[in-house]
Structures are given as C-alpha cells and as structure tokens.
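Enquirer: What the sequence shown shows, in our numbering, is residues 1 to 172, in sequence order. Glycine included, every Cβ here is placed at the ideal spot set by N, Cα and C. Here you go, one structure.
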Amino acid sequence: NISSPDFMKHVRAIEFFEHASFDDKRAPEVSRLLIKGMASKDPRISTAAARAIRKWVTSETNDYFLKIIDHPQREKSGIDNPLGQVSLALDILARLKEPAAVPAMVRLLKNFFDRSDAAFAIKRMGPQLAQEELQNLASDRNADVRAAVEEILQEFHDGGPRLPAFLKDLDS
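Given below as structure tokens:
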C-alpha cells in the first residue's frame with residue numbers, strides 16, 4: 001500500500017511501481033501518489049519515488065515539476081535541495097514537451113549547476129518551442145551562458161558542431 005504508515009510496506013509499494021507494467025488508466029493516480037512519495041523526509045522513499053515517477057508521470061503532474069524549475073530550492077552552495085530534483089524535473093518536462101517549462105529552462109542556463117541539464121532539456125524541447133526564448137539570452141553578459149545558447153541554436157539550425165564527426169563515425 002503506497003499510503004501505508006508502515007515504512008517498509010510504503011517503500012516496497014513504491015519500488016513495485018518502478019518495475020510494474022505501465023497502465024494508462026492508473027497512471028494519473030500512481031503519478032500523484034509518487035509525487036507525495038518524492039516529498040518524503042525519508043531518502044529511501046523519496047529516491048524510490050523519483051525513480052518510479054519517470055515511468056508513471058503524466059501531464060496532470062506538470063505543475064509540480066514546473067514549480068521545481070521555476071523556484072528551485074537551493075543549498076547555500078547553490079546546489080539544488082533535495083539533490084537531483086531540478087534535473088529530474090527538466091527531464092520529465094522535456095519528455096512531456098511542456099511549453100510552459102521553456103522560460104524556466106532557459107533561465108536555468110544562467111545557473112552553473114543546472115546549465116548542462118537545462119541545455120539538454122531545451123534541445124529535447126526543439127526549436128519550435130524554445131528558439132524564441134533562447135534569443136533573449138543570446139547577448140547575456142555571462143560568456144558561458146552565451147556559449148550554451150549559441151550551441152543550442154546551432155544544433156537547432158544544422159545539427160550542431162559535433163554532427164560532422166558523428167556522420168563520419170557512421171560512415172566508417
């Protein structure tokens with residue numbers, strides 16, 4: 001029982017969903033329950049829920065992940081707390097192609113710790129959803145942010161700087 005007050009039953013129930021077959025009819029309910037598990041103070045429960053949510057996430061839970069990337073909780077060092085939440089939210093929102101996530105994804109390019117995950121998520125969103133928002137950061141004061149934006153835009157335009165090498169590797 002995923003709502004069980006018994007710790008071990010709760011953990012086993014969440015772990016079950018990691019390996020269970022996906023069911024469209026049950027996915028919204030399972031997704032909501034896993035979101036609750038992710039908020040657990042116990043790291044075993046929250047970690048298991050975070051692993052399972054990748055499989056069971058539905059668009060009904062987008063708001064939860066949008067809040068994470070809109071207002072990430074940070075340690076004094078700048079790292080997200082709990083660790084991995086921003087990366088998970090970026091992955092899920094990019095997979096679901098949630099247009100409302102694009103402004104926050106682009107803002108996360110300014111954060112050193114989130115830049116690579118944000119860039120990857122933006123690339124997965126595609127030029128139709130992200131290109132206009134990226135143009136706003138193309139002249140940012142931070143050279144690393146500008147470089148990330150240029151790389152993403154170049155990849156949208158022509159496959160990016162690594163495309164010729166990848167094509168050569170495929171040809172050989």
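Keeping to the same chain, check which residues put their C-beta closer than 7 Å to that of Asp169; ignore five residues upstream and five downstream.
Expert: In the sequence shown, residue 169 corresponds to position 169, counting from 1. Once the five neighbours on either side are set aside, Asp169 has no close Cβ partner at all.
Enquirer: Which same chain residues, not among the five before or five after Asp171, have their C-beta less than 6 Å away from its C-beta?
Expert: Start at 1 with the first residue of the sequence shown, and residue 171 comes out as number 171. If the five residues before and after Asp171 are omitted, its C-beta is found closer than 6 Å to no C-beta atom of its own chain.
Enquirer: Using DSSP with H/G/I as helix, E/B as strand and the rest coil, what is Gln135?
Expert: Working through the sequence shown from its first residue, we reach residue 135 at position 135. In this structure, Gln135 counts as helix in the three-state DSSP scheme.
Enquirer: Tell me which residues share the same chain as Asp117 and place their Cβ nearer than 8 Å to its Cβ, disregarding the 5 neighbours each side in the sequence.
Expert: Position 117 of the sequence shown holds residue 117. The answer, listed in chain order, is Val86, Ser87, Leu90, Asp91, Leu108.
Enquirer: The alpha helix (DSSP H) spanning Gln85 covers which residue range?
Expert: Taking the sequence shown and counting its residues from 1, the one referred to as residue 85 is at position 85. From DSSP, the alpha helix (DSSP H) with Gln85 extends over 85-95.
Enquirer: For Thr58, which three-state DSSP category applies?
Expert: Locating residue 58 in the sequence shown gives position 58, counting from the first residue. The answer is coil: DSSP assigns Thr58 none of H, G, I, E or B.
Enquirer: What separation, rounded to the nearest whole angstrom, lies between the Cα atoms of Val57 and Gln154?
Expert: Working through the sequence shown from its first residue, we reach residue 57 at position 57. Working through the sequence shown from its first residue, we reach residue 154 at position 154. Approximately 31 Å between the Cα atoms of the pair.
Enquirer: Using CA atoms only, rank isn't needed, just tell me which of Arg54, Ala104, Asp42, Gly37 is closest to Leu66.
Expert: Numbered from 1 along the sequence shown, position 66 holds the residue referred to as residue 66. Ranking the options by Cα distance to Leu66, first place goes to Ala104.
Enquirer: Report the CB separation of Ser59 from Leu96 in whole angstroms; it is logged as a contact under 8 Å.
Expert: Counting from 1 along the sequence shown, the entry for residue 59 is found at position 59. Counting from 1 along the sequence shown, the entry for residue 96 is found at position 96. About 6 Å separates the two Cβ atoms, so the contact holds.
Enquirer: Could you check how far apart the C-beta atoms of Ala121 and Ala94 are, in whole angstroms? I think they sit under 8 Å.
Expert: Residue mapping note: residue 121 aligns to position 121 of the sequence shown, counting from 1. Residue mapping note: residue 94 aligns to position 94 of the sequence shown, counting from 1. Right, their Cβ atoms sit about 4 Å apart.
Enquirer: How about Val11 and Arg32: do their beta carbons lie closer than 8 Å?
Expert: As a working mapping, residue 11 is identified with position 11 in the sequence shown. As a working mapping, residue 32 is identified with position 32 in the sequence shown. Cβ atoms of Val11 and Arg32: not closer than 8 Å.
Enquirer: Work out the CA separation of Ala148 and Leu129 for me, nearest whole Å.
Expert: For the purposes of this step, residue 129 is taken as the residue at position 129 of the sequence shown. For the purposes of this step, residue 148 is taken as the residue at position 148 of the sequence shown. Approximately 17 Å, taken between the alpha carbons.
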